[in-house]
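Undergrad: Quick note on numbering: the UniProt record's numbering labels position 166 of the sequence shown as 166, and the sequence is numbered without any gaps.
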Amino acid sequence: MNLAPIDLLVIGFYLLATLFIGFWVSRRASRNIQSYFLGGNKLPWYYLGLSNASGQFDISGTMWMVYLLFIYGLKSVYIPWLWPAFNQIFLMVFLSLWLRRSGVMTGAAWIRFRFGEGRGAELSHLIIVAFALLVVLGYLAYGFVGIGKFAAAFMPWQLAADPHTNEICYGLILTVITAVYVVKGGMFSVVLTEVMQFVVMTIACIAIGLIAMVQVSPEMLEAAVPAGWYSMGVGHTLDLDWSGILESANQRIIDDGWSFFSVFFVLVLLKGILQSMAGPAPNYDMQRILSARTPVEAAKMSWLVNLVLLFPRYMMITGLTILALVFFTDDLRAMGGDVDFEQILPFALANYVPQGLLGLVIAGLLATFMSTFAATTNSAPAYVVNDVYKRYFNPNGSEKTYMRMSYMVSILFVVLGTGIGLFAPSLNDIILWIVSALYGGYTAANILKWYWWRMNGFGYFYGMLAGLVAAVPLMFTDLSPLYAFPWLFALCVAASVAGSLLTRPDDMETLKAFYFKTRPWGFWKPVHRALQEEHPGLEANRDCARDLTNCAVGILWHTALTAAPIFLVIRHWPEFSIAMVVIVAASLFLWRNWYRHLRNDPDAAENEEGGVANVGSGDQRNAIAN
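(1) Between the alpha carbons of Val263 and Trp242, how many angstroms are there, rounded?
(2) I'd like the list of long-range same chain contacts for Trp81, defined as Cβ closer than 7 Å, with 5 residues on each side in sequence excluded.
(3) With DSSP collapsed to three states, give me the class of Ala227.
(4) Tell me whether Glu509 sits in a helix, a strand or coil according to DSSP, three-state version.
(5) Tell me the rounded alpha-carbon separation between Val200 and Ile208.
(6) From Ser167 to Leu366, what distance separates their C-alpha atoms?
(7) With DSSP run on the structure shown, which of helix, strand or coil describes Ala85?
(8) Taking the alpha helix (DSSP H) that Phe489 belongs to, which residues open and close that run?
(9) Would you list the residues sitting across from Ala292 in a DSSP beta bridge?
(10) Taking the alpha helix (DSSP H) that Phe260 belongs to, which residues open and close that run?
(11) Can you tell me the Cβ-Cβ gap for Leu48 and Met301, rounded? I've got them flagged as a contact below 8 Å.
(12) Taking only the alpha-carbon atoms, compute the straight-line gap between Pro226 and Trp557 and give it to the nearest angstrom.
(13) Given Leu117, which residues of its chain have a CB within under 7 Å of its CB, disregarding the five upstream and five downstream residues?
(14) Pull up the distance between the alpha-carbon of Gly40 and that of Asn87, whole angstroms please.
(15) Compare the Cα-Cα distances from Leu320 to each of Leu588, Ile566, Gln197 and report the closest residue.
(16) Check whether the Cβ atoms of Tyr446 and Gly228 sit closer than 7 Å, and answer yes or no.
(17) What does a CB cutoff of less than 7 Å around Arg333 pick up in its chain, not counting 5 residues either side in sequence?
(18) Tell me whether Met125 is buried or exposed, calling it buried when 16 or more other Cβ atoms sit within 10 Å of its Cβ.
(19) Threshold first: 4 residues or longer. Then list the alpha helix (DSSP H) segments lying entirely within the segment 526-593, N to C.
(20) From Arg119, Phe94, Leu133, Phe13, pick the residue whose C-alpha is nearest to that of Ser410; which is it?
(21) How would you write the range of the alpha helix (DSSP H) that Met92 sits in, first residue to last?
(22) Of the residues Ile583, Arg571, Thr559, Ala586, which one's Cα is nearest the Cα of Glu222?
(23) Taking the CB atoms as reference points, tell me whether Ile583 and Ala560 lie closer together than 7 Å.
(24) What first and last residue would you give for the alpha helix (DSSP H) that runs through Pro218?
(25) With DSSP as the reference, identify every bridge partner of Thr523, one or two as the case may be.
(26) Under the three-state reduction of DSSP, which class applies to Ala212: helix, strand or coil?
(27) Could you tell me the distance, in whole angstroms, from the CA atom of Leu338 to the CA atom of Asp331?
(28) What do you get for Ile128, buried or exposed, if any count of 16 or more other CB atoms within 10 angstroms of its CB means buried?
(29) For Ile6, which of Lys517, Ala380, Gly356, Pro218 has the nearest alpha-carbon?
(30) Alpha carbon to alpha carbon, how far is Phe327 from Thr318?
(31) Report yes if the CB atom of Phe523 is closer than 7 Å to the CB atom of Trp452, and no otherwise.
(32) Out of Leu345, Thr329, Ala530, which one is the CA nearest neighbour of Leu538?
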């Protein structure tokens with residue numbers, strides 16, 4: 001693609017702006033590791049929410065969803081539940097509150113907060129660090145490969161004669177640029193650059209959606225899709241037949257294994273709910289929550305991610321999809337069985353985006369790679385420095401020493417991730433394994449840690465270990481991680497329960513400290529009874545029914561937020577109106593039943609603005625604050 005000078009100018013300005021922000025905030029970020037990893041817990045919730053939305057706006061994931069909408073039509077709104085897409089609902093309703101009340105810096109530090117300092121806690125701490133760093137390396141390698149392939153497809157300069165070498169060159173350049181502002185500025189630079197990136201991406205998404213609305217009429221789209229493409233109904237079978245339009249699409253449906261759609265729907269909903277109840281994996285999503293100023297602001301941040309991410313992103317997804325359905329299907333049909341749906345993006349950009357705006361769109365798409373890469377890079381030193389180096393090797397080091405180590409670890413992981421990317425140019429299967437099988441093995445132990453007092457460090461370790469060991473063979477088989485999930489989950493539950501019951505309970509003082517500060521609902525009666533001896537009248541968390549009701553309404557709200565921009569771009573106004581009514585009604589319900597009940601201190605009285613009243617004992621308030 002030959003970019004006009006104005007497009008190159010826009011892209012160049014964007015890259016320079018990211019570097020400027022990194023150096024501009026570096027002095028503030030390098031005061032101490034609290035500032036570097038968590039922004040000193042001074043970043044407003046709306047900045048963190050926009051940053052988190054930007055970090056989740058991965059272009060490869062976007063192109064995957066373009067493929068889903070192309071093949072499966074409106075039923076594709078359910079398929080991202082595989083990740084699960086609606087986990088932010090559970091975070092905003094209650095898990096962000098519980099997590100931020102801990103006051104720790106990383107997911108591994110949270111494990112010590114939950115299980116204490118015994119042998120079981122040490123094993124749990126080490127296995128969660130290993131899990132987190134494995135995920136970091138996978139995403140860094142994936143990001144490097146994605147950046148290189150994307151940039152090589154659109155940049156006008158050939159840096160090497162060989163196409164693969166050209167991709168590597170672009171990947172190295174953009175990796176270095178991204179690494180510089182992350183290593184230099186820490187969480188401050190990650191958040192501020194991602195806020196800027198989110199603005200750019202939002203403009204790009206809306207532009208592509210509007211262009212598609214102008215270029216594709218409802219009649220043109222109707223002629224390009226099979227019967228049932230517009231339906232969101234869940235029947236026993238998928239009931240989509242691409243015969244006579246795009247034969248290879250029928251084969252893709254068979255290969256995906258989702259033809260019995262009711263079975264798929266039940267499994268993906270069950271898996272999504274369980275994984276959401278387990279809380280966030282120890283990655284950049286958890287770091288955003290721990291970076292919030294207060295528990296209430298952490299919850300608001302998770303709410304904002306849902307609100308601002310879905311609508312613009314699905315305008316882009318729908319715009320790219322309908323442009324391809326109407327104007328690119330002949331080219332896809334000519335590819336035969338080797339259809340490359342990733343060609344939809346360059347086709348739409350090359351043919352339907354005007355000069356000037358094209359540079360902005362490409363800058364926005366570059367930002368989606370860079371934001372994910374940046375957030376992942378920032379999470380690695382948090383675990384290595386805070387949870388390994390400081391804990392086991394140099395507990396009394398100076399802040400300057402910890403900062404130097406953080407810089408070195410960030411650079412090391414960028415180099416390692418880049419190295420993996422160099423030798424493994426196709427990482428799609430590995431990444432799908434990480435987010436499906438590996439995260440599937442993560443689920444059971446991390447559910448029990450929240451809701452069952454008897455879950456101890458040994459139980460957590462054996463549950464996580466069982467999940468990791470069982471997930472490895474799934475990388476080398478054709479068995480879908482989704483259909484293996486019930487068995488994987490059952491295995492991990494058994495390992496966690498057996499490991500807990502066959503060993504001594506965790507120290508009661510540790511359990512009381514965790515429960516008093518976090519106040520989860522679930523099976524905590526012995527701990528609550530012990531605390532009542534010290535704090536007569538201490539109330540248990542009785543919000544379980546309300547929280548789960550809000551989660552159910554939140555999933556409906558999330559689904560409507562996904563469907564509404566699709567109906568908007570394809571100009572199905574009755575369905576769009578229904579989706580908007582659902583969004584408004586669910587929002588009002590959540591305002592009354594969720595937002596108005598938010599509170600930082602679990603012992604504080606609720607007020608009408610979702611804030612915190614200064615009630616409860618001084619000791620209780622100090623425990624939460626500290």
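Heads up, the beta-carbon is just placed ideally off N, CA and C, and yes, glycines get one too.
This structure is a prediction, so every number in the text was calculated from the model and none was measured.
TA: Reading from the atomic positions:
(1) 21 Å
(2) Val268, Leu269, Gly272
(3) coil
(4) helix
(5) Computed Cα separation, rounded: 13 Å.
(6) First, the residue type needs correcting, since residue 167 is Glu and not Ser in the sequence shown. Between Glu167 and Leu366, the C-alpha separation is close to 14 Å.
(7) coil
(8) 481-501
(9) Leu43
(10) Careful: Phe260 lies outside any alpha helix (DSSP H) and carries neither H nor E.
(11) 5 Å
(12) Rounded to whole angstroms, Pro226 to Trp557 spans 28 Å at the Cα level.
(13) Inspection of the sequence shows that residue 117 is occupied by Glu rather than by Leu. Excluding positions up to five away in sequence, the list is empty.
(14) Confidence is the limiting factor: at Gly40 the pLDDT is only 47, short of 50, which leaves the residue's position unreliable, though a coordinate-based value still follows. Going by the C-alpha atoms only, they are around 26 Å apart.
(15) Ile566
(16) In the sequence on display, residue 446 carries Asn and not Tyr. For Asn446 and Gly228, no; Cβs fall outside 7 Å.
(17) Leu246
(18) Correcting the residue type first, residue 125 is His in the shown sequence and not Met. With 16 or more other Cβ atoms within 10 Å, it is buried.
(19) 544-569, 573-593
(20) Leu133
(21) Met92 -> no alpha helix (DSSP H), and no H or E assigned at all.
(22) Arg571
(23) Yes, these two residues count as a Cβ contact at 7 Å.
(24) 218-222
(25) Reading off the sequence shown, one finds Phe at residue 523, where the question assumed Thr. In the DSSP output, where bridge partners are listed per residue, Phe523 has Trp452.
(26) helix
(27) For the sequence presented, residue 338 should be read as Asp rather than Leu. Going from the Cα of Asp338 to the Cα of Asp331 covers about 12 Å.
(28) buried
(29) Gly356
(30) Going from the Cα of Phe327 to the Cα of Thr318 covers about 14 Å.
(31) yes
(32) The residue with the shortest Cα to Cα distance from Leu538 is Ala530.
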